[in-house]
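2 protein chains.
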Amino acid sequence: MQKPTIAKGTRDFLPEEVKKRNFIIQKLKKNFELFGFSPIETPSFENLSTLTGKYGEEGDRLIFKILKSGDFTRKIKDWGAGAQSLATQISDKALRYDLTVPFARFVVQHQSELIFPFKRYQIQPVWRADRPQKGRFREFHQCDADVVGSDSLWQEIDLIQLYDFAFHDLEIPTEIHINHRKILAGLAEIAEIQEQLIDFTVALDKLDKIGQDAVISEMKEKGIQENSIEKFKPLFHIQGTFDEQLNQLEEFLKPSEIGMQGIEDLKFIQNKLKNHQFLSSELILNLTLARGLDYYTGCIFEVKAKKVTMGSIGGGGRYNDLTGIFGLKDMPGVGISFGLDRIYLVMEELGLFPTQETRHFKVLFIHFGENEASEAQKYIQKLRQAGIQAELYPEDAKMKKQFSYGDKGNFSHVALLGEDEIKNDSLAVKNLKSGEQYEIKQANLLSKFNELKEIFYKA
Amino acid sequence: MQKPTIAKGTRDFLPEEVKKRNFIIQKLKKNFELFGFSPIETPSFENLSTLTGKYGEEGDRLIFKILKSGDFTRKIKDWGAGAQSLATQISDKALRYDLTVPFARFVVQHQSELIFPFKRYQIQPVWRADRPQKGRFREFHQCDADVVGSDSLWQEIDLIQLYDFAFHDLEIPTEIHINHRKILAGLAEIAEIQEQLIDFTVALDKLDKIGQDAVISEMKEKGIQENSIEKFKPLFHIQGTFDEQLNQLEEFLKPSEIGMQGIEDLKFIQNKLKNHQFLSSELILNLTLARGLDYYTGCIFEVKAKKVTMGSIGGGGRYNDLTGIFGLKDMPGVGISFGLDRIYLVMEELGLFPTQETRHFKVLFIHFGENEASEAQKYIQKLRQAGIQAELYPEDAKMKKQFSYGDKGNFSHVALLGEDEIKNDSLAVKNLKSGEQYEIKQANLLSKFNELKEIFYKA
Numbered sequence: 321m322q323k324p325t326i327a328k329g330t331r332d333f334l335p336e337e338v339k340k341r342n343f344i345i346q347k348l349k350k351n352f353e354l355f356g357f358s359p360i361e362t363p364s365f366e367n368l369s370t371l372t373g374k375y376g377e378e379g380d381r382l383i384f385k386i387l388k389s390g391d392f393t394r395k396i397k398d399w400g401a402g403a404q405s406l407a408t409q410i411s412d413k414a415l416r417y418d419l420t421v422p423f424a425r426f427v428v429q430h431q432s433e434l435i436f437p438f439k440r441y442q443i444q445p446v447w448r449a450d451r452p453q454k455g456r457f458r459e460f461h462q463c464d465a466d467v468v469g470s471d472s473l474w475q476e477i478d479l480i481q482l483y484d485f486a487f488h489d490l491e492i493p494t495e496i497h498i499n500h501r502k503i504l505a506g507l508a509e510i511a512e513i514q515e516q517l518i519d520f521t522v523a524l525d526k527l528d529k530i531g532q533d534a535v536i537s538e539m540k541e542k543g544i545q546e547n548s549i550e551k552f553k554p555l556f557h558i559q560g561t562f563d564e565q566l567n568q569l570e571e572f573l574k575p576s577e578i579g580m581q582g583i584e585d586l587k588f589i590q591n592k593l594k595n596h597q598f599l600s601s602e603l604i605l606n607l608t609l610a611r612g613l614d615y616y617t618g619c620i621f622e623v624k625a626k627k628v629t630m631g632s633i634g635g636g637g638r639y640n641d642l643t644g645i646f647g648l649k650d651m652p653g654v655g656i657s658f659g660l661d662r663i664y665l666v667m668e669e670l671g672l673f674p675t676q677e678t679r680h681f682k683v684l685f686i687h688f689g690e691n692e693a694s695e696a697q698k699y700i701q702k703l704r705q706a707g708i709q710a711e712l713y714p715e716d717a718k719m720k721k722q723f724s725y726g727d728k729g730n731f732s733h734v735a736l737l738g739e740d741e742i743k744n745d746s747l748a749v750k751n752l753k754s755g756e757q758y759e760i761k762q763a764n765l766l767s768k769f770n771e772l773k774e775i776f777y778k779a
Numbered sequence: 321m322q323k324p325t326i327a328k329g330t331r332d333f334l335p336e337e338v339k340k341r342n343f344i345i346q347k348l349k350k351n352f353e354l355f356g357f358s359p360i361e362t363p364s365f366e367n368l369s370t371l372t373g374k375y376g377e378e379g380d381r382l383i384f385k386i387l388k389s390g391d392f393t394r395k396i397k398d399w400g401a402g403a404q405s406l407a408t409q410i411s412d413k414a415l416r417y418d419l420t421v422p423f424a425r426f427v428v429q430h431q432s433e434l435i436f437p438f439k440r441y442q443i444q445p446v447w448r449a450d451r452p453q454k455g456r457f458r459e460f461h462q463c464d465a466d467v468v469g470s471d472s473l474w475q476e477i478d479l480i481q482l483y484d485f486a487f488h489d490l491e492i493p494t495e496i497h498i499n500h501r502k503i504l505a506g507l508a509e510i511a512e513i514q515e516q517l518i519d520f521t522v523a524l525d526k527l528d529k530i531g532q533d534a535v536i537s538e539m540k541e542k543g544i545q546e547n548s549i550e551k552f553k554p555l556f557h558i559q560g561t562f563d564e565q566l567n568q569l570e571e572f573l574k575p576s577e578i579g580m581q582g583i584e585d586l587k588f589i590q591n592k593l594k595n596h597q598f599l600s601s602e603l604i605l606n607l608t609l610a611r612g613l614d615y616y617t618g619c620i621f622e623v624k625a626k627k628v629t630m631g632s633i634g635g636g637g638r639y640n641d642l643t644g645i646f647g648l649k650d651m652p653g654v655g656i657s658f659g660l661d662r663i664y665l666v667m668e669e670l671g672l673f674p675t676q677e678t679r680h681f682k683v684l685f686i687h688f689g690e691n692e693a694s695e696a697q698k699y700i701q702k703l704r705q706a707g708i709q710a711e712l713y714p715e716d717a718k719m720k721k722q723f724s725y726g727d728k729g730n731f732s733h734v735a736l737l738g739e740d741e742i743k744n745d746s747l748a749v750k751n752l753k754s755g756e757q758y759e760i761k762q763a764n765l766l767s768k769f770n771e772l773k774e775i776f777y778k779a
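Residue numbers (the numbering used here), protein chains in the order written: chain D, 321 to 779; chain C, 321 to 779.
So, in structure tokens, the structure goes:
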């Protein structure tokens, strides 16, 4: 006899949580499809060699490796070789760490079956051997939409609109922050700190949180020279509308060819988006945004929910080369991702889950005895055929117990079908919330229940 | 540079496959909920100790074990201990092998949050280190519905109706085979071969395939005595309707108390089901049905599709004790399962997937140049807001290439918005299948497109 425990960093989802998560997922799917993205699925595990070396040293460490089945010890000669070397001998598969590398493998393997530009979305769990902590899990879902095979900036424009549509549908007002890898490169060029690009952007990224002075201190600590810092100081004072900021930035970046490429891209995007009536998002130029610099090569996005304090609830960007690692060259792409867990928390905080996700119109038939139950069964079939959720309490238990099941089980109504009702071809129905009672004739069964349903969801 | 391969026994799903799989899953969900089942989800991996010892020796071997993260070698003293012993030292987690054991763990851990009888459904992948072969995969979905905390036979009645509803919804005519563990035990008792119950039922299970003589030979080989075989020979000749067969069987089983309990159960179920108008299934008493004898204790079900040659597409049964292994006693249950992969094959064979799953009403806007693209963008936003899938070809490519993308990408229509159309506030739209062309005025955009949509799905 074992006391059961759940694996560290993983979660069970109870019915109400599953329904709320699915509510979000359904909205995302709907909008992905509206924008022409098609769903694909890849296996939960990949050959180990497909995943290793793709996520940096830290990533390799966090990949969950699966032990070879059968006698994995057979071919091992040196057990003292150390964990890292042994792991690749006793394991040949690993759990998906993200959706991007498996997608790259998918594109290469199925290239002849796909039409490019290929627009796919994928909503599946990924696994990371991170140390679990509040809000960080070892199993979580990623929801990604990517276009591969096109370097047109119209894709970026479309993805920004997709963010706007999807979050509008979820009723979450958002800020969509945008930046460009080439603008960051241009700034580094002008300040002559190209080699310190990462240190520079990591510090810059903290501007909102710690302020200008602390950012400058951190840069100095990282060895960025005073005269370099002086060069990009004007950055801290860029202000105004998106266009105004972009113009000031353009002045500043004129000497940098790469920087000007970034400016051109953002101008094009911003200009075209003037035709888009943002539904509930705002596009914000954010020069401190610096995510995924190791693989993004163009635009970078990040989405923040307004009105709540929460990290980003989405992000993405353009990458030049998705599939080169697997031998297929010249496959540029751009993609965005939605953070399911954080979106869930935002929606809880803002009270955005519709009541239908927690309240249900469903009917419990009280069990009076074998004959009555048989009669109830007939009613239940009719209701179910009309799409109304109905069930019979399975036993001839005490009324109190049956009513309590109805109450705790979130039934909206109980139906009472005793001897008298059977004689009269009728049903006594009670609304468990309001206490109201109705007598429903068998002949009017469906029309009456549809009426009750309407009343219930309006209330 | 790596040539990518997919892990052995796993599958990628392309968009059309995902859509068809989701079509089945949506129908199952709808019916599960109609019958009062609520969705839960459990993690993909469990602590190793939760899973080992629950599926027999063969099962333990087929569980995918996950290597401990960090230095898994640190605490190992004897590398020569053999694979089995080492595995439990270097691994502490394993991938879900089925949905039942994790569900048992879930029920025990969340017992105070659940209302019993607790009716849950769960649709999630499971993993088995089986040798891959045609139609057998290392990752596949299980779709289970179980009720725990009630030993009422009304649950069996409900589950049979659920099978009927769900397969009717999928338009698959089926036979629902039913048997009872206690009837099999009764037969064994009468033939005085209680100790050989498994051999007896395994042989009996082959009656359809190999015939009476071969079944008897196999029984003899397994050491079942001639005089025992004589005793249950009358079984082979039971005939008639469900009721008639049950009556003959009752005569036969009279001397066996346990056998008669099985008869009573089936009589109750069959009797109550006379109130159920089967939508497209037939209930069949099948004495040779003997699945899951190591855990089922009451009714056993199996579903076969009519009109196709295919193994069972569903199965289930009653078990006395789901959670005893985790210390929670007296938790009876009954459940059924739907075989997603086989249902998919049946539906392909019978041509049951609706055309909407492969044909889409979606509009590709041809890219004529930057200005035209900007105008197209406005139309596209309007269409999308009305729920119509529309997109812009991302580049000013040659017409032939753009039309080919529309064609291969399963677009139903292309929209042409050139200089002339912009001047006239109109749009030229072409149906890619029929070749028909329309001129649509901006003022009538949505009404016209909704008309086209109707025409398209009717055609």
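Cβ atoms here follow ideal geometry from the backbone N, Cα and C, with glycine treated the same way.
Asked                                                                                                                                 : Found
When C:Gly-612, C:Ile-663 and C:Ser-470 are compared against Leu-517 of chain C, the one with the closest alpha-carbon                : C:Gly-612
Below-9 Å beta-carbon distance, Ala-693 of chain D vs any chain C residue                                                             : yes
Which residues DSSP lists as bridging Val-623 of chain D, in chain order                                                              : D:Ile-496 and D:Gly-634
Per-residue DSSP class, three states only, for Glu-711 of chain C                                                                     : strand
Cα-Cα separation between Lys-340 of chain C and Tyr-664 of chain C, rounded to whole angstroms                                        : 8 Å
Beta-carbon proximity of Ile-386 of chain D to Phe-392 of chain C, cut-off 9 Å                                                        : no
Whole-angstrom distance between Leu-527 of chain C and Asp-716 of chain D, CA atom to CA atom                                         : 40 Å
Within chain C, partners of Glu-366 of chain D - CB distance below 7 Å                                                                : Ala-327
The segment 679 to 691 of chain D touching the segment 360 to 380 of chain D, judged by at least three CB pairs closer than 8 Å       : no
Euclidean distance between Cα positions of Ala-696 of chain C and Ile-435 of chain C                                                  : 54 Å
Close beta carbons around Arg-662 of chain D, own chain, < 7 Å, minus the five adjacent residues each side                            : Met-630, Gly-631 and Ile-633
Beta-carbon gap between Glu-495 of chain D and Glu-602 of chain D smaller than 9 Å                                                    : yes
Opposing strand residues paired with Gly-655 of chain C [DSSP bridges]                                                                : C:Asp-466 and C:Gly-637
Neighbour flag for Gly-356 of chain C against chain A, beta carbons, 9 Å                                                              : Annotation note: the requested chain A is absent from the structure, which comprises protein chains D and C.
CB contact check: Asp-464 of chain D to chain C, cutoff 9 Å                                                                           : no
Collapsed DSSP secondary structure at His-488 of chain D in the structure displayed                                                   : helix
Neighbour flag for Gly-631 of chain D against chain C, beta carbons, 9 Å                                                              : no
For Gly-329 of chain C and Val-467 of chain D, the rounded distance between their alpha carbons                                       : 28 Å
Secondary structure of Ser-746 of chain C, DSSP reduced to three states                                                               : strand
At least 3 beta-carbon pairs within less than 8 Å: the segment 483 to 502 of chain D vs the segment 394 to 406 of chain C             : no
Separation of Ile-503 of chain D from Gln-581 of chain D, as counted between CA atoms                                                 : 8 Å
Chain-ordered neighbours of Glu-739 of chain C on chain D, where CB pairs are closer than 8 Å                                         : In chain order: nothing, as chain D lies at least about 17 Å away.
Thr-675 of chain D to Asn-770 of chain D span [Cα, whole Å]                                                                           : 18 Å
Cβ-based neighbour list, Pro-652 of chain C, same chain, cut-off 6 Å, excluding 5 preceding and 5 following                           : Asp-471 and Asn-640
Contact residues within the segment 729 to 757 of chain D, judged by C-beta distance below 8 Å to chain C                             : Gly-729
Ile-480 of chain D at chain C interface by Cβ criterion, 9 Å                                                                          : no
Euclidean distance between Cα positions of Leu-507 of chain C and Lys-574 of chain C                                                  : 10 Å
Contacts of Leu-642 of chain C in chain D (Cβ-Cβ under 7 Å)                                                                           : Those do not exist, as Leu-642 of chain C stays about 12 Å from chain D at its closest Cβ, beyond 7 Å.
Within-9 Å CB hit, Gln-597 of chain D to chain C                                                                                      : yes
Closer than 9 Å at the beta carbon, the chain C residues around Tyr-725 of chain D                                                    : Ile-435, Phe-436 and Pro-437
Asn-567 of chain D: first and last residue of the uninterrupted alpha helix (DSSP H) it sits in                                       : 562 to 573
For Tyr-699 of chain D and Glu-756 of chain D, the rounded distance between their alpha carbons                                       : 21 Å
7 Å Cβ shell around Thr-521 of chain C - same chain, five flanking residues per side excluded                                         : Leu-504, Ala-610 and Leu-613
Validate contact between the segment 370 to 380 of chain C and the segment 719 to 732 of chain D using beta carbons, cut 8 Å, 3 pairs : no
Limits of the unbroken alpha helix (DSSP H) element including Arg-704 of chain D                                                      : 690 to 705
Residue nearest to Phe-598 of chain C in terms of C-alpha spacing, selected from C:Met-539, C:Met-719 and C:Leu-482                   : C:Leu-482
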